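One structure is given here, and the rest of the page talks about it.
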Amino acid sequence: MFVAEILKTKGNAVFAIAPETTVSDACQPLDEKGVGALVVCDGDLVAGVFSERDVVRALAIDGAAALARPVADYMTAKVIFAEPREEMSALMARMTDRRIRHLPVLEGQRLIGVVSIGDVVKCQIAEHAQEADSLRSYIAG
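Residue numbering for the sequence shown follows the working numbering, beginning at 13 and increasing consecutively.
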């Protein structure tokens, strides 16, 4: 399965914030949208990813003062991207090797979605279930 197929199923909504958004203000959409990360956009460009892990790291480093600082101070600035034509196995390997849970998806230079490790696992489970059903049907004749 390809990344584009996952985006067709889950949708291509991207929850984004500006680099100057405070950590405190970024926590609200994380909670309200029920997502683990927000894409940090500077205009049309992806500047970083700000995740729940980044919130915890910010608090560990600067305590409560971190809440008033911009997400740009704590976001993951070296963003790893996915492309619509990539296979899920490639994404799984990249996410595992780099210990990341969210990959923004770019088509050319345009942000078209985000794929999470949960999306990848859900896809893998569906593929295995379909394969098992096919094998059962084949065996049953």
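From the three backbone atoms N, C-alpha and C, an ideal C-beta is built for every residue, glycine too. Note that the structure is predicted; figures quoted are calculated from it, not measured.
Rounded straight-line distance, which links the Cα of ALA30 to that of ALA76: Within the sequence shown, numbered from 1, the residue matching residue 76 stands at position 64. Within the sequence shown, numbered from 1, the residue matching residue 30 stands at position 18. Whole-angstrom Cα-Cα distance: 21 angstroms.
Anticipated Cβ contact below 8 angstroms, GLU95 with VAL26, distance rounded: Mapped onto the sequence shown, residue 95 falls at position 83. Mapped onto the sequence shown, residue 26 falls at position 14. In fact, because the Cβ distance is near 15 angstroms, the residues do not count as touching under 8 angstroms.
Inter-residue Cα distance where the pair is LYS90 and VAL61: Translated into positions along the sequence shown, residue 90 becomes position 78. Translated into positions along the sequence shown, residue 61 becomes position 49. Spanning the two alpha carbons is a distance of roughly 9 angstroms.
Proximity winner among MET104, VAL83, ARG81 and PRO82, relative to ILE92 (alpha-carbon distances): Against the sequence shown, residue 92 aligns to sequence position 80. Among MET104, VAL83, ARG81 and PRO82, the Cα nearest to that of ILE92 is on MET104.
Beta-carbon proximity check, LEU71 vs THR34, cutoff 9 angstroms: To locate residue 71, count along the sequence shown from 1; it is residue 59. To locate residue 34, count along the sequence shown from 1; it is residue 22. It is not a contact, given that the beta carbons lie outside the stated cut-off.
For MET13, the nearest candidate out of ALA38, GLY48, GLU98 and GLU32 (CA to CA): Position 1 of the sequence shown, counting from 1, holds the residue named residue 13. Of the residues ALA38, GLY48, GLU98 and GLU32, the one whose Cα lies closest to the Cα of MET13 is GLU98.
Whether VAL109 touches ILE18 by CB criterion (9 angstroms): Residue numbering aside, residue 109 sits at position 97 when the sequence shown is read from its first letter. Residue numbering aside, residue 18 sits at position 6 when the sequence shown is read from its first letter. The sequence given here places Asp at residue 109; Val does not occur at that position. In this structure, ILE18 does not lie closer than 9 angstroms to ASP109 by Cβ.
When GLY120, SER63 and GLY153 are compared against SER36, the one with the closest alpha-carbon: Your numbering for residue 36 matches position 24 in the sequence shown. Residue SER63 is the option with its Cα nearest to SER36.
Closer than 8 angstroms: LEU123 CB and nearest the ligand SAH heavy atom: With respect to the ligand SAH, the structure shown offers nothing to examine, as it has no ligands at all.
N- and C-terminal bounds of the beta strand (DSSP E) containing ALA59: Here residue 59 corresponds to residue number 47 of the sequence shown, with the count starting at 1. From DSSP, the beta strand (DSSP E) with ALA59 extends over 57-63.
Proximity below 9 angstroms, CB of SER10 to CB of GLY48: Nothing can be reported for residue 10, as the shown portion of the chain is limited to 13 through 153.
Reduced DSSP secondary structure (H/G/I, E/B, other) of VAL133: One-based indexing of the sequence shown puts residue 133 at position 121. Note: VAL133 maps to helix in three-state DSSP.
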